[in-house]
């Protein structure tokens, strides 16, 4: 929440981050109704605006059990729609450009096209013996080896996303982080789909982001007149370079579910598609921000909701690297700097935004 509050303040200050509070609409299947009603009550207790809709004034089917194909697919009827009002969309590139501008203005340097190859370790108490450090010596990180040479540093923070597992494995640090490919398919909204795009809830101008049963989601992009569509499919954990979108995923993994709940998508095909990676924390799907050895830190495992938490993650990592026991987030919220250590015990998130 503190990250989103910060982005809101930045945009109010005149920096366009492409933020639109269209809301998130979860179409809750019958079997998850009780769980999600409890989650909604918890959100309300936290001060989050949440609405439940038994009926929707949108071209969406809540009852699919009368469709033979839907029954064969095991699709469930929707018990209700759960709208999280103060959620929405933003432009990731604009956010990155904002941080880049602020960082470089303060004297920070960015090396583009530079590959990180390894970390340089040094013994805390060097003995001057060739080959140090040895396994019996306590070490600290003193720099990184890159394709552009060695960069020395007192503190090194690996915020390396999907590449974190590979880099940490090579250094001997076993973290519960794995890369998984995710894909986006872009569909132009014309005819009935244009009406869907403009059917906002709770007095909003545009459609909310819609999360269907079986993990299919529709992200509105009003500026383009499109929907960005994807699915949280179970697929192998691995890094694909370069990642490519798969037409078969659209045809067999997304389209059959999408058209049962939103018939207006029948006959539609993507006009564009791309792929990237999530870096998933396979234990509880929440970020890891931790000190590995003196001078070496990691901030990763955002599991697909990194932007929503990025500012808070960055602040916690900074305070941790500076040796502070407490981290102050935007808005004055104070947390322990080690709250996201890799061996913590968290409850898995039930409603991921």
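Residue numbers (my numbering): -11 to 341.
Glycine included, each C-beta is placed from N, C-alpha and C at the ideal position.
Model, not experiment: these values are computed from the prediction.
In its own chain, leaving out the 5 sequence neighbours on each side, no residue places its CB closer than 6 angstroms to the CB of residue 100. In the three-state reduction of the DSSP assignment, residue 85 falls in the helix class.
Distances from the alpha-carbon of residue 236 to those of 0, 171, 77 and -9 put 171 closest.
Restricting attention to 141, 123, 122 and 125, the CA atom closest to the CA of residue 131 is found in 141.
Taking C-alpha positions only, residue 23 is separated from residue 30 by approximately 11 angstroms. Shown here for residue 65: same chain residues with a beta carbon closer than 8 angstroms to its own, the five before and five after excluded, namely 17, 18, 50, 51, 52 and 53 in chain order.
Around the CB of residue 102, fewer than 16 other CB atoms lie within 10 Å, so the residue is classed as exposed. As DSSP reads the structure, residue 324 sits in a beta bridge with 314.
With contacts defined by Cβ atoms closer than 8 angstroms, residue 286 and residue 278 form a contacting pair. Runs of beta strand (DSSP E) with 3 or more residues, each lying fully within the region 9 to 56, are found at 12 to 17 and 38 to 41, listed in chain order. Spatial neighbours of residue 260 in its own chain (CB-CB distance under 6 angstroms, excluding positions within 5 residues in sequence) are listed in chain order as 174. Under the three-state reduction of DSSP, residue 153 is assigned to helix. Counting along the chain, residue 133 sits inside the beta strand (DSSP E) bounded by residues 127 to 134. Boundaries cannot be given for residue 147, as no alpha helix (DSSP H) includes it and DSSP labels it neither H nor E. If you draw a straight line from the Cα of residue 164 to the Cα of residue 328, it is about 13 angstroms long. Distance from the CA of residue 273 to the CA of residue 116, rounded to the nearest whole angstrom, comes to 44 angstroms. In summary, residue 208 is buried, with 16 or more beta-carbon neighbours lying within 10 Å of its beta-carbon over all protein chains present.
Going by C-alpha positions, residue 315 is about 21 angstroms away from residue 90.
Going by C-alpha positions, residue 291 is about 28 angstroms away from residue 189. Boundaries for residue 211: no alpha helix (DSSP H) harbours it, and the DSSP string shows neither H nor E there.
Checking the DSSP bridge columns, you'll see residue 307 has no partner listed. Around the Cβ of residue 126, a 10 Å sphere holds fewer than 16 other Cβ atoms; the residue is exposed. Only residues of its own chain outside the window of five on either side were considered, and among them 166, 167 and 168 have a CB closer than 7 angstroms to the CB of residue 225, listed in chain order.
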